[in-house]
Structure formats: C-alpha cells, structure tokens
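*Asks:* Using my numbering, the first residue of the sequence shown is number 9, and each one after it goes up by one. Structure incoming, see below.
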Amino acid sequence: MRRLFALLLLFAPLLYAVAGCNDFVVLADSRNTFVPFSLTDEGRYDAVRFVSVFDNPFGTNHSEFLVVAKNNAGVTVPNGTIFLPLTNVFYASLFDYATMQQNNTVTYYCDGVQTDTWTVDFFQSLPLETTNGTVTGTFLKVSSWKKNAFAFDYNRSVSSYFYALAVPLNGMKVGTVFFETVPRVYQKATLTGVTYVACCTNQCDDRGRTCTSNLINADDSCLNATTLHDMSCVSDTCIPKDVECAFGCFENGCKPGKPYCNDSDKGASLYEKGFTEGVDDTYKRFNVADECVSDYKLREYVCMGNNLSSNDLDCFYGCSNGACRRPPAPTEITPGSFENPTPVPEKPRTAEDNTALQIAGAIALLAIVLALGYADFAKKKK
C-alpha cells in the first residue's frame, strides 16, 4: 500500500471520510518541487499539493494535483498553474512526468464518471476578513460546482468553496484552510484539509438535537451559557448556525421559557421595511429585518404563531432597502394643459430650387414622350 495512504491512516479518526461517498483532501506544502512536463520542458516550483484519500479521482487517474505558487528555476509558468503528476508519492519531489492543465480547473471522477469540476483561482495578495482580524496573504480559492460540497473541522461549517494559503504567513503553513462562518467573514480551520461530498448525493435528517447527513453528522451543542451551536437541514445537508438561547443554553438545547413573536408591520406592508423579533417554540431568540433578496424580490418576515416565517414577494417596481419601491404617482391632466402645436412655416424656395424643379420636370416629360413613341412604333411594326 502506498506511503500516502499509510500516512493518512495515522490520522484516520480525523479524516471523517466515508468510503464510496465522502473524500478527504489533504492540503500540503510542496516547496521546490521538480516537475518535468515534457521531454524538454521542466521547472522547479513552490506549490500547494492537494492529496485525496480516494484512488485517482482527479482527472480520471490522479490522486493529487499541484498548484504553482512561485517559480524557482527552469521553465517559468504563471502562478496558479495546475499540474497533474503521473506518479503519486506523497514524500517524493520528483515525478516521472506531469500534465500541465491549460486552465484553472480540475475534474473530479467517481468510478470513471465525471461528477464535479473544481476551479482554483490564484490571488497574489488578498485581504481576508477573519474572526481574528484582517489577514492579507497569497491565497488559492477552491470552488466546487456542487452546493455545500466541503465541510471543515468535522462540523464547523459547510460551503461550496474555501480559501487556502499558498505561501507561509505569520507562522501559518501552506495549505491552511479558511472557511466562511458568516457572510464575508472567515475562520481558520484546525485541520489542513477538507471533507468533500464526492461520490454520493447529499441527504439529510434532522430529529431532535441530532442532524444526520452524508457530509456532516452532529449533535446540537452549547458553545457557552447562552449560545447554541444548532445543526439543521438546509439544502439536503446539515448546516451549523450559532443561535442565541433566550433563557440560557443547557445540555445541548435552549432552556424553556415563554415564547412570543412581534412583527412591526404585521406582514401587511410591502412598501415599508419591517422588523420581526421574538422567542420561538424551541426558545431560540430571533431578530430579523425584511430584506431584498434580488433587485425585484422582497423577503418579508412574518409571525407564524410564536415562530418566524418568511415569504418571498415580487416587487413590480423593484426592491430597495428591505421594501418594495412604490409605484410612481399618477400624472394629473387638466383641461387646456396640452398646447396646440405651432405650425412650422414652409421655407421659401430659392432660385436654385426652382431651377432644379424645372429640370426634373423636363426630364420626366421627356421620359413620357419617349415611352409613348416606343409604344406607337411597336404597334406599327406588328
């Protein structure tokens, strides 16, 4: 069994991969890697190495791929260039040959059938807003065609993309993963790798305080005295969300109390931004505002008993700042408001105009005479 698989077995409790379903892809530093990609072309590069637990899923017959982060010697290639090596040895820096991809994508295969395409974008200097402040460094952004394809640190979050360091930064190694926790805010993962829904379709079941899916299996948990790490089914996978318990968090759930719901506009006004707040029947606190989900679509939050619900409504004149734009006021028409058009006097003809008209008339008359003469000639000939 190849050395890579033996190495990964040491970390089997951390991998969280399911045979035939979930892959676990390790990200590692591959500095000063020698890559011959033809009989005459070769180079030496610092690169980020992506290694799969599965056998040869990338590009039909590769268990890993490299993304160039820095040119060191030999043939210069753009940063972000992807190589698929023909030998798969985790420790080795020398490959027999490698296939250089012509774009920034890598296909993923299950049993010889393409199931996904990963896009790898290279950013030489990118500022990321993180839970510990702004981090500016050289990053790769890895994206999947699949929705909620990747999971991070077992059950901390899921997403269709993530960022990875391509160059060491402030003690962080190449391959350090950053994932989105709230919109445009990222958290550094503990694991230098990601769980990936590879060869199965997401399915999800949320019962009580346990959520089960192909990507994540996890229980709700108290993060502190008032915050619940709540796992629930969204788009056929367990999605974690940190929520506030109105009366405190205890034993993986919110403590009971008196639920209620208040909607400022009672869900009745499309043209005013409303606010809905309360405590639902599971004793979780909510406080949301109506929002535009597109240029012509409003998400109106309403009370359903003590619980929060929402309706997506069409805005004929567009949506702005959590409300539909009002129709334009009708224009009042009063008698006499329309003025009669002022006739435009005809421009007087000049002598040149008269001469041109005379010439045109003469030509027309000559054409008529010639036509009549030809007709008479043809008649006599018969």
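C-beta: ideal position from N, C-alpha, C; glycine also. Remember, predicted model here, so these are calculated numbers, not experimental data.
(1) Can you tell which of Lys281, Asn222 and Val310 has the C-alpha that lies nearest to the C-alpha of Cys29?
(2) If the criterion is Cβ atoms closer than 8 Å, does the pair Val85 and Val75 meet it?
(3) Please list, in chain order, all residues of the same chain as Asp31 whose beta carbon is under 7 Å from its beta carbon, the five residues on each side excluded.
(4) Which stretch, first to last residue, makes up the beta strand (DSSP E) that contains Ala36?
(5) Suppose the cutoff is 6 Å on Cβ atoms and the five residues either side in sequence are ignored; what does the same chain contact list for Gln109 look like?
(6) Determine whether the beta carbon atoms of Val310 and Ser302 lie at a separation below 8 Å.
(7) How long is the line joining the alpha carbons of Thr113 and Asn140, rounded to whole angstroms?
(8) Out of curiosity, what's the CA-to-CA distance linking Ala81 and Arg39?
(9) To the nearest angstrom, report how far apart Thr125 and Asn111 are at their CA atoms.
(10) Between which residues of its own chain and Leu278 is the CB-CB distance below 8 Å, once the five residues before and five after are set aside?
(11) Please classify Tyr99: does DSSP put it in a helix, a strand, or coil?
(12) Assign Asn295 to buried or exposed, taking buried as 16 or more other Cβ atoms, counted over all protein chains shown, within 10 Å of its Cβ.
(13) Using a Cβ-Cβ cutoff of less than 7 Å, which residues in the same chain neighbour Leu231 once the five nearest sequence positions on both sides are dropped?
(14) Using the Cα positions of Thr127 and Ser151, report the straight-line distance between them to the nearest angstrom.
(15) Determine the closest residue to Ser165 out of Thr142, Ala36, Lys149 and Ile247, with distance taken between C-alpha atoms.
(16) Would you report the Cα separation of Tyr171 and Leu35, rounded to the nearest angstrom?
(17) Where do the N-terminal and C-terminal ends of the beta strand (DSSP E) with Thr189 fall, by residue?
(18) Pro146: buried (16+ other C-beta within 10 angstroms of its C-beta) or exposed?
(19) Figure out for me which residue from Leu199, Phe255, Tyr105 and Lys154 has the closest Cα to the Cα of Tyr394.
(20) In three-state DSSP terms, what is Ser221?
(21) Restricting to runs no shorter than 3 residues, where is the beta strand (DSSP E) found entirely within the segment 228–266?
(22) Since Val193 contacts Thr144 with CB under 8 Å, what's their CB separation in whole angstroms?
(23) Excluding the 5 residues flanking Asn329 on each side, which residues of the same chain have their C-beta closer than 7 Å to its C-beta?
(24) Quick one: Cα of Arg52 to Cα of Cys300, how far?
(25) Arg57 lies in the beta strand (DSSP E); which residues open and close that run?
(26) Which whole-angstrom value describes the C-beta separation of Gly183 and Val56, a residue pair presumed to lie in contact below a C-beta threshold of 8 Å?
(27) How far does the beta strand (DSSP E) with Glu299 in it extend, from its first residue to its last?
(28) From what residue to what residue does the beta strand (DSSP E) around Gly141 run?
(29) Rank Asp244, Thr48 and Pro93 by C-alpha distance to the C-alpha of Lys105 and give the top, closest one.
(30) Below 8 Å between beta carbons: does that hold for Met239 and Ala254?
(31) If we ignore side chains and look at the alpha-carbon of each, how far apart do Thr339 and Asp298 end up?
(32) So the beta strand (DSSP E) Phe283 belongs to, where does it begin and stop?
(33) With a Cβ-Cβ cutoff of 8 Å, do Asp228 and Gly261 count as a contact?
*Replies:* Inspection of the coordinates gives the following:
(1) Out of Lys281, Asn222 and Val310, Asn222 has the C-alpha closest to the C-alpha of Cys29.
(2) No; because the gap between Cβ atoms is not below 8 Å, this pair is not in contact.
(3) Ala25, Ser60, Val61, Phe62, Pro65, Tyr204 and Ala206
(4) Asn30 to Pro44
(5) Ile90
(6) no
(7) About 31 Å.
(8) 12 Å
(9) Whole-angstrom Cα-Cα distance: 12 Å.
(10) Leu306, Glu308, Leu321, Cys323, Ala331 and Cys332
(11) For Tyr99, the pLDDT reaches just 47, beneath the cut-off of 50, and the residue's location in the model is therefore unreliable, leaving the point undetermined.
(12) Its Cβ having fewer than 16 others within 10 Å, Asn295 is exposed.
(13) His237 and Asp250
(14) 5 Å
(15) Ile247
(16) 11 Å
(17) Val185 to Val190
(18) The residue you asked about is not Pro; residue 146 is Thr in the sequence shown. Looking at its Cβ environment, which holds 16 or more other Cβ atoms inside 10 Å, Thr146 is buried.
(19) This structure cannot speak to residue 394, because the chain is shown only from 9 to 390.
(20) strand
(21) Under the rule that a run must span 3 or more residues, the beta strand (DSSP E) segments found entirely inside the segment 228–266 read 235–242 and 245–252.
(22) Incorrect: roughly 15 Å between the Cβ atoms, too far for contact.
(23) Contacts found: Lys281.
(24) 50 Å
(25) Glu50 to Ser60
(26) Right, the Cβ-Cβ distance comes to about 6 Å (below 8 Å), so this counts as a contact.
(27) For Glu299, the enclosing beta strand (DSSP E) begins and ends at Glu299 to Ser302.
(28) Gly141 to Ser152
(29) Checking the sequence shown, residue 105 turns out to be Tyr, not Lys. Checked all of Asp244, Thr48 and Pro93; the closest Cα to Tyr105 is Pro93.
(30) no
(31) 31 Å
(32) Where Phe283 is concerned, the enclosing beta strand (DSSP E) starts and stops at Phe283 to Val287.
(33) yes
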